[in-house]
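Notes for the one structure printed next.
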Amino acid sequence: MPFDYVIDPQAIEQESFRQIRALTDLSRFDQYQQQVVMRIVHSLGLPHLSEQVHFSQNACTAGMQALAHNADILCDVEMVKQGITKRMIQKNPLCFLNDERTQSLAKQHAQTRSMAAVSLWQSQLKGSVVVIGNAPTALYRLLEILETGADKPALIIGMPVGFVGAAESKQALWDNHTALGIECITLLGREGGSAVSAASCNALLRCNMGEYY
108 MPFDYVIDPQ AIEQESFRQI RALTDLSRFD QYQQQVVMRI VHSLGLPHLS EQVHFSQNAC
168 TAGMQALAHN ADILCDVEMV KQGITKRMIQ KNPLCFLNDE RTQSLAKQHA QTRSMAAVSL
228 WQSQLKGSVV VIGNAPTALY RLLEILETGA DKPALIIGMP VGFVGAAESK QALWDNHTAL
288 GIECITLLGR EGGSAVSAAS CNALLRCNMG EYY
């Protein structure tokens with residue numbers, strides 16, 4: 108049962124991004140933004156999502172600078188953490204979802220573990236890169252603590268996926284980022300997820316390393 112398919116990883120990646128550029132409208136994005144958008148499209152296989160990607164004014168440069176200086180990467184779930192390409196970072200991303208303190212806080216306040224985990228971010232939050240790909244409650248809680256004066260991350264990549272609160276939380280991020288004084292990248296609507304949010308962070312890491320498609 109012989110199959111005719113490409114096995115060279117570089118050839119696969121190059122052809123993938125050739126097709127993405129052919130199928131995706133990237134005209135409104137700058138060089139760095141294009142790399143992020145293409146990684147989003149690549150992760151989900153949906154070229155139309157380029158229309159739903161939004162960047163604050165200095166999102167990419169702020170994120171790239173923070174990552175270049177080994178800023179903490181704070182993740183809402185383990186799948187996001189595992190999706191960050193380890194060869195491009197010098198210290199492991201952080202995720203407190205399974206921390207015993209998180210479980211205790213969640214029970215105490217009758218809230219999701221993802222929401223409770225954000226309470227443990229505060230000592231690492233300043234200048235960090237926050238990557239939220241699963242939990243709308245984590246994104247909402249982050250916005251709440253930022254509004255009350257918590258230290259600001261360098262960048263929020265907010266792309267939770269789902270039907271309850273996902274689209275609304277991302278819209279809240281986009282609608283309030285200027286007032287909160289934060290940089291963000293988001294994918295409006297229901298689409299999102301761990302893979303696409305990690306891929307967005309990886310795109311910025313690749314730009315820092317001079318890897319462009």
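Be aware that the sequence shown starts at 108, since it is given in this note's numbering, and climbs by one per residue.
Built from N, CA and C at the ideal position, the CB exists for glycine as well.
Whose C-beta lies closer than 7 Å to the C-beta of residue i among residues of the same chain, with five residues either side of it excluded?
{"i": "Val148", "result": "Ile127, Thr131, Pro154, Leu156, Ser157"}
{"i": "Thr293", "result": "His161, Gly265, Met266, Lys277, Leu280, Trp281"}
{"i": "Ala283", "result": "In the sequence under discussion, the amino acid at residue 283 is Asn, which differs from the Ala named in the question. Excluding residues within five positions, the ones whose Cβ falls inside 7 Å are Leu250."}
{"i": "Gln140", "result": "Phe162, Cys167"}
Could you spell out the range, first to last residue, of the beta strand (DSSP E) harbouring residue i?
{"i": "Ile292", "result": "291-294"}
{"i": "His161", "result": "160-162"}
{"i": "Leu262", "result": "262-265"}
{"i": "Leu227", "result": "Segment: none, Leu227 is in no beta strand (DSSP E) and carries neither H nor E."}
{"i": "Leu181", "result": "180-182"}
Helix, strand or coil for residue i per DSSP?
{"i": "Phe270", "result": "coil"}
{"i": "Cys314", "result": "helix"}
{"i": "Gly234", "result": "coil"}
{"i": "Ile191", "result": "coil"}
{"i": "Ile196", "result": "coil"}
{"i": "Leu153", "result": "coil"}
{"i": "Ala239", "result": "It is worth fixing the name first, because residue 239 is Ile in this sequence and not Ala. Note: Ile239 maps to strand in three-state DSSP."}
{"i": "Arg297", "result": "coil"}
{"i": "Thr219", "result": "coil"}
Here's a check: name, in chain order, each residue in its chain whose Cβ is nearer than 6 Å to the Cβ of residue i, leaving out the five neighbours to either side.
{"i": "Pro200", "result": "Ile180, Cys182, Lys188, Ile191"}
{"i": "Ser235", "result": "Ala178, Asp179, Leu181, Pro260"}
{"i": "Met316", "result": "none"}
Exposed or buried, which one is residue i when buried takes at least 16 other CB atoms within 10 Å?
{"i": "Ser307", "result": "buried"}
{"i": "Pro116", "result": "exposed"}
{"i": "Val237", "result": "buried"}
Please list, in chain order, all residues of the same chain as residue i whose beta carbon is under 8 Å from its beta carbon, the five residues on each side excluded.
{"i": "Ala245", "result": "Asp183, Thr219, Ser221, Met222, Ala224, Val225, Ile239, Pro267"}
{"i": "Glu122", "result": "Val113"}
Kindly identify the DSSP beta-bridge partner or partners of residue i.
{"i": "Ala201", "result": "Correcting the residue identity first, residue 201 is Leu in this sequence and not Ala. According to DSSP, which records beta bridges pairwise, Leu201 is partnered with Leu181."}
Could you tell me the boundaries of the alpha helix (DSSP H) in which residue i lies?
{"i": "Met171", "result": "166-175"}
{"i": "Thr209", "result": "207-216"}
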